[in-house]
Amino acid sequence: MDNILIIIDLEGIIGVEDLWDNKRNEDLLYKEIATIINSIPNNMNIYLCYDHNDGIFPSNLTEKLSHGINIIKKIRNIDFSIDYKTAFLVGFHGKKSDHCRFPHTFRDEIQILSLGEKEVGEIEMVVNFLSYYKIPVSLISTEASVIDYLNYNCIYHDIDKGDMSSIYLNLENDVKKALNSEISLSKFDDSKVKIIYNNYVQRRVKELELDIKISFKDTIDFFRYLPNLHIPLNHIISKDLKNMFEELVRNRPESLELVKDENIRKLLDKDISSLTYLDLYEISQYFYKIKDDKSAKFELQPKE
Numbered sequence: 000m001d002n003i004l005i006i007i008d009l010e011g012i013i014g015v016e017d018l019w020d021n022k023r024n025e026d027l028l029y030k031e032i033a034t035i036i037n038s039i040p041n042n043m044n045i046y047l048c049y050d051h052n053d054g055i056f057p058s059n060l061t062e063k064l065s066h067g068i069n070i071i072k073k074i075r076n077i078d079f080s081i082d083y084k085t086a087f088l089v090g091f092h093g094k095k096s097d098h099c100r101f102p103h104t105f106r107d108e109i110q111i112l113s114l115g116e117k118e119v120g121e122i123e124m125v126v127n128f129l130s131y132y133k134i135p136v137s138l139i140s141t142e143a144s145v146i147d148y149l150n151y152n153c154i155y156h157d158i159d160k161g162d163m164s165s166i167y168l169n170l171e172n173d174v175k176k177a178l179n180s181e182i183s184l185s186k187f188d189d190s191k192v193k194i195i196y197n198n199y200v201q202r203r204v205k206e207l208e209l210d211i212k213i214s215f216k217d218t219i220d221f222f223r224y225l226p227n228l229h230i231p232l233n234h235i236i237s238k239d240l241k242n243m244f245e246e247l248v249r250n251r252p253e254s255l256e257l258v259k260d261e262n263i264r265k266l267l268d269k270d271i272s273s274l275t276y277l278d279l280y281e282i283s284q285y286f287y288k289i290k291d292d293k294s295a296k297f298e299l300q301p302k303e
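Read in order, the letters of the sequence shown are residues 0 to 303 in numbering that gives the first Met the number 0.
The structure is reproduced here in structure tokens:
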């Protein structure tokens, strides 16, 4: 039996608009995956690699999928000793500099990722990574603005073309075309890979004297390092969260009754560990405002 590898991200899944809307996104994720699986002949072994965030595929979706589907957590755990006939890239998005939904390149902190002299995104890197292992990509499902600059010899599925019913119908047809077309293997590009982090990360790396890698021998070297990239970046985030929390404590109002903003009150009701950096920033700005307003009122009091 032939083996097919399907690598899935979330941002480019049909219909996804809000990454925090977990329930809706899981429904959309299941609908797209089910559409693809139902279009694949029963005599193929399906390996489904979920590569979004921590790579944990929703357990309730696993139960709903056909038995016999092999679920893989993250690209790094793909078994490359298996002979895959082809691979599909589904739900992928554009790179940081693209005008598309949720543009980023692996991490928001990465401003530019280059392969040789060319800026690339996750699609180009994954295709090149797979080509090293002689796995041809025959289907890429993403936005039209991303498809426009890709030049692989494969089937492209436009996730925005037509109404919702026709998009899924087109997906069925594109899966069948991809499996029945002449599959072409991309040549592995062994060029160096370079990361340019955003200005904030560059500044904080210097201030905290962190060791963070910016250059890689090739795509394989980059993917080997990628699981460790979170260590220095999360260290920066944890330091900043600590500083932000200390600022909040210093500038908190005497009484929470002074907090009139409903959104801020909701944030304050949350467990501190669940607050993001942006949440803390929003709270701190509000506390500053209360402090400034109170100071202004005090200064305007007439002197006796």
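Note that the Cβ used here is the ideal one computed from N, Cα and C, for glycine as well.
Give me the Cα-Cα distance between residue i and residue j, rounded to the nearest whole angstrom.
i: E245; j: K259; result: 22 Å
i: M163; j: S140; result: 15 Å
i: P135; j: N24; result: 28 Å
i: I39; j: A86; result: 12 Å
i: F56; j: I36; result: 16 Å
i: D50; j: R100; result: 18 Å
i: Y29; j: D157; result: 18 Å
i: E253; j: I289; result: 10 Å
i: E181; j: K117; result: 28 Å
i: K216; j: Y224; result: 11 Å
i: K191; j: E256; result: 57 Å
i: Y287; j: A33; result: 50 Å
i: K212; j: M43; result: 40 Å
i: R75; j: D53; result: 12 Å
i: K72; j: I282; result: 36 Å
i: L279; j: I70; result: 36 Å
i: S165; j: F105; result: 30 Å
i: G115; j: I122; result: 16 Å
i: H98; j: E261; result: 33 Å
i: C48; j: Y83; result: 13 Å
With 16 other CB atoms within 10 Å as the buried threshold, where does residue i fall?
i: I13; result: buried
i: T275; result: exposed
i: Y148; result: exposed
i: S237; result: exposed
i: L168; result: exposed
i: N198; result: exposed
i: S130; result: buried
i: P226; result: exposed
i: V200; result: buried
i: G120; result: buried
i: L178; result: buried
i: I81; result: exposed
i: V145; result: buried
i: E108; result: buried
i: S58; result: exposed
i: S137; result: buried
i: T218; result: buried
i: D66; result: First, the amino acid is wrong: residue 66 is His here, not Asp. Counting Cβ neighbours within 10 Å, H66 comes out exposed, since fewer than 16 surround it.
i: E62; result: exposed
i: F221; result: buried
Where does residue i sit, in a helix, a strand or coil, going by DSSP?
i: H234; result: helix
i: I139; result: strand
i: V174; result: helix
i: E121; result: helix
i: S65; result: coil
i: R75; result: helix
i: D17; result: coil
i: I81; result: coil
i: L9; result: coil
i: N59; result: helix
i: N44; result: strand
i: I32; result: helix
i: D53; result: coil
i: D26; result: helix
i: I134; result: coil
i: I146; result: helix
task = Pick out the complete alpha helix (DSSP H) segments inside the stretch 219 to 293, 4 residues or longer, and give them in chain order.
result = 229 to 250 and 261 to 267
request  = Kindly provide the ranges of any beta strand (DSSP E) runs that are 3 or more residues long and lie completely inside the stretch 150 to 221, ordered along the chain.
outcome  = 154 to 157 and 192 to 196
ask   = Is it a yes or a no for the stretch 117 to 126 touching the stretch 88 to 100, going by three-plus beta-carbon pairs under 8 Å?
value = Pairwise C-beta distances place the stretch 117 to 126 in contact with the stretch 88 to 100, as three or more of them are shorter than 8 Å.
key: Unbroken stretches of the beta strand (DSSP E), 3 residues or longer, contained in the stretch 91 to 119   = Within the stretch 91 to 119, the complete beta strand (DSSP E) runs of at least 3 residues fall at 109 to 114.
ask   = So, do the stretch 189 to 209 and the stretch 226 to 235 have three or more beta carbon pairs nearer to each other than 8 Å?
value = yes
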